[in-house]
Amino acid sequence: MITLALSKGRIFEETVPLLARAGIVPAEDPEKSRKLMIGTSDPQLRIVVVRASDVPTYVQYGAAEIGVAGKDVLIEHGGDGLYVPVDLGIGRCRLCVAAPRGFDYASAVRRGARLRIATKYVQAARDHFASKGVHVDLIKLYGSMELAPLAGLADAIVDLVSSGSTLKANNLVEVEEIAPISSRLIVNQASLKTRREALMPLIDKLEAAVAAAAA
Ligand code: PRP
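In the numbering used here, the protein residues as written are 1064 to 1278.
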């Protein structure tokens, strides 16, 4: 049995068509069922439904041999024990610094001001500002980062931006892109050695599905 870790929502929805191209159909829709372990049309493949930020942990410890995780989540996890063979090209967005409209971010950085940055992406934010030599106080949040500058908790945020409508609705503007984001196939490094015959055909099929979807 191979276990694939997926998160509900956009990643699940965008992974299903890739699985279909590989001839695999989940037995249930996690949006409708409350089951967290679901079978597929392949009797040797099952899916576990976990929080997006928990996918690398399941795969790192081998509770799932493979998974799908956003680059944002992988940066925070650090990638220990993981092999990342395929960029699935789904869940595309960007990790950005955003600040209230009217806040002169560039000049605050030039002046060497110490910025208060609210984010769920502490590791990515720390790396980004350290590489620029900008001093920041990082404030860890678990969601609704856009509220932090409005409420006076932070000067700016580091968050994912897709359409930009959440920023706009909260009077924020993107002031810097940190990294383009997409979802990756991740594989437990040890399983790849011990269960290569079972895993490689699946990895190859998913890679071919990505190429076909892009064509
Ligand atoms: C993400 C992100 C932003 C929003 C950006 O949140 O944190 O809030 O999407 O999308 P937009 O640019 O198209 O408006 P998500 O809905 O994934 O939930 P989260 O707050 O749990 O991260």
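Every residue, glycine too, gets a C-beta built ideally from N, C-alpha and C.
How many Å lie between residue i and residue j at the Cα?
| i | j | result |
| --- | --- | --- |
| alanine 1253 | serine 1170 | 48 Å |
| valine 1112 | arginine 1259 | 24 Å |
| histidine 1140 | threonine 1120 | 8 Å |
| valine 1131 | arginine 1073 | 11 Å |
| alanine 1276 | valine 1149 | 14 Å |
| valine 1147 | isoleucine 1249 | 5 Å |
Under three-state DSSP, which class holds residue i?
| i | result |
| --- | --- |
| valine 1224 | strand |
| serine 1104 | coil |
| valine 1122 | helix |
| isoleucine 1138 | helix |
| arginine 1258 | coil |
| proline 1093 | coil |
| isoleucine 1074 | helix |
| arginine 1084 | helix |
Which residue wins for smallest C-alpha separation from residue i, given the options the options?
| i | options | result |
| --- | --- | --- |
| glycine 1125 | Gly1133, Ala1214, Ile1065 and Thr1103 | Ile1065 |
| glutamate 1237 | Ala1272, Ala1188, Arg1164 and Val1147 | Arg1164 |
| isoleucine 1153 | Leu1069, Pro1264, Leu1255 and Leu1262 | Leu1069 |
| lysine 1098 | Ala1271, Leu1151, Lys1071 and Leu1082 | Lys1071 |
| threonine 1078 | Gly1144, Ala1211, Leu1151 and Ile1138 | Leu1151 |
_I'd like to know if the stretch 1151-1164 and the stretch 1232-1248 are in contact, where contact means that at least 3 CB-CB pairs between them fall below 8 Å._
yes
Run through the stretch 1146-1214 for me and flag every whole alpha helix (DSSP H) of 4 or more residues, listed as ranges in chain order.
1168-1174, 1185-1195 and 1210-1214
Three-pair Cβ contact test at 8 Å for the stretch 1198-1214 versus the stretch 1178-1186: yes
Problem set entry | Sufficient close CB pairs (3 or more, under 8 Å) joining the stretch 1104-1111 to the stretch 1072-1092 | yes
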